[in-house]
Structure formats: C-alpha cells, structure tokens
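K.L.:
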Amino acid sequence: MNDSLYKMGWEDGLSQCKDALQAEEDRIANKPTDEDNEWRRHVKSRMGEAFSKKKQLDSEH
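Take 1 as the starting number for the sequence shown in the UniProt record's numbering and just add one per residue.
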C-alpha cells in the first residue's frame, strides 16, 4: 500500500470528522436550552403584564 496515499486518505477522513464535530458543536451552541426558554417565557409574561397595565392606565386617562 502506498503510505502517502494512505496518510492523505486518513487526514481527509480526520478533517471530515473535525468538520462534522464542529458543525454539531455549533448547532448545540445555537440551540436554546430549557433555561433559555424559561427565561424567554418569564420575560414575555412580564412584558404582557406591563402592556396590559399600561393599556389599563391609558384607558383610565
């Protein structure tokens, strides 16, 4: 077997594995966690309360 051809194939395979691993890590990093989702729900809830209170105050004036 040609050693340089074997090494080139191995390095290409390793490079593809690294690319796939990096893509998976990027996907995981960009995926919101349960904690992120809980925080978003909390913020939306508080914003909703604030807007309804503002609407109520505006209608009283």
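For glycine and all other residues, C-beta sits at the position ideal for the given N, C-alpha and C.
What number of angstroms, rounded off, separates the C-alpha of Q56 from the C-alpha of N37?
P.N.:
Position 56 of the sequence shown, counted from the first residue, corresponds to residue 56. Position 37 of the sequence shown, counted from the first residue, corresponds to residue 37. For Q56 and N37, the distance between alpha carbons rounds to 28 angstroms.
K.L.:
Helix, strand or coil for K18? Go by DSSP, reduced to three states.
P.N.:
Reading the sequence shown from its first residue, position 18 is the one you call residue 18. Here K18 sits in helix by DSSP.
K.L.:
How is D42 classed by DSSP in three states: helix, strand or coil?
P.N.:
Along the sequence shown, one-based indexing puts residue 42 at 42. Looking at the sequence itself, residue 42 is His, so the reference to Asp does not match. H42 falls in the helix class under three-state DSSP.
K.L.:
If you draw a straight line from the C-alpha of A29 to the C-alpha of K18, how long is it?
P.N.:
Taking the first residue of the sequence shown as position 1, residue 29 is located at position 29. Taking the first residue of the sequence shown as position 1, residue 18 is located at position 18. Answer to the nearest angstrom: the Cα atoms are 16 angstroms apart.
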